[in-house]
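Student:
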Amino acid sequence: MTAQARLDYLNAALAALHGCWPHLVQEIQARIDSKTAQLIGENNEQTRGAIKVLRDLVDLPAALQQERDHITAALSDPDAA
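Here the sequence shown stands for residues 54 to 134, where the numbers follow the numbering used here.
1) Is DSSP giving residue 214 helix, strand or coil here?
2) Put residue 64 into one of helix, strand or coil per three-state DSSP.
3) Restricting to Cα atoms, I'd like to know which of 71, 69, 104 and 132 is closest to residue 86.
4) Using alpha carbons as the reference points, say which of 116, 111, 128 and 125 lies closest to residue 74.
5) Give me, in chain order, the residues of the same chain whose beta-carbon lies closer than 7 angstroms to that of residue 117; leave out the 5 immediate sequence neighbours on both sides.
6) Tell me the rounded alpha-carbon separation between residue 99 and residue 83.
7) Taking the CB atoms as reference points, tell me whether residue 56 and residue 127 lie closer together than 9 angstroms.
8) My output table needs one value for residue 55: the three-state DSSP class, helix, strand or coil.
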């Protein structure tokens, strides 16, 4: 995938997330809270891993924006990459 194609994809993904993200993040946070309570009751690696995955999902828009900014800068100034 070219840098421009990836940038177009990131822009489309971020636009799609814009409207629904507040609702999704509420559900994800509820699941994190549930898993955290479960982890307190029984300290197990599988539950700890599930919490990490859910937290990574909450951070997804910021990660996509950071990648988009990096690609945009690289396309604007090839020497910056």
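Quick reminder that beta carbons are idealized off the backbone N, C-alpha and C, glycines included.
Tutor: Result, derived from the coordinates:
1) The question about residue 214 has no answer, for the chain in this structure spans 54 to 134.
2) helix
3) Nearest C-alpha to residue 86: 104.
4) 111
5) Around residue 117: 63, 66 and 67.
6) Each residue's alpha carbon lies about 18 angstroms from the other.
7) yes
8) coil
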